[in-house]
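>
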Amino acid sequence: MLFVTEFEFEVGEKEKHEINFKYSKWLGDITIKSDGVVIAKNRVLLAGQSPIINVSVGNSEKHNLRFDVRPQGLFFLKPTIAVYVDDKLFKDY
């Protein structure tokens, strides 16, 4: 879909969790799910705003996730989203 960035990845060794990230640039909505359950929602109210979202997942094996959303300036360009797991860069989307 146009103006939507969505991706999934897995975290954990013994206690695995499927993380889903969805950012609608048109509406400014950010939704993060763990195993299909919403764990964070945010809304970007101002164009050019660079939200940073921190969440934790896991019970016996906890992981801290950080999502840095970096807009690219022009509205039609996809943002860069840096994902950190336990303060280490996991991947740029």
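Taking the UniProt record's numbering, the leading residue of the sequence shown gets 1, the next gets one more, and so forth. Backbone N, C-alpha and C define an ideal beta-carbon position, used for all residues, glycine too.
Helix, strand or coil for Ser60 per DSSP?
In this structure, Ser60 counts as coil in the three-state DSSP scheme.
> Alpha carbons only, please: which of Phe76, Gly58, Ala82 is nearest the one belonging to Phe67?
Nearest option by C-alpha distance: Ala82.
> If you reduce the DSSP assignment to three classes, tell me which class Leu89 lands in.
Reduced to three states, the DSSP call for Leu89 is strand.
> So, helix, strand or coil for Leu65, using DSSP?
Leu65: strand per DSSP, three-state reduction.
> Roughly how many whole angstroms lie between the Cα atoms of Gln49 and Tyr23?
Cα to Cα, Gln49 sits roughly 13 Å from Tyr23.
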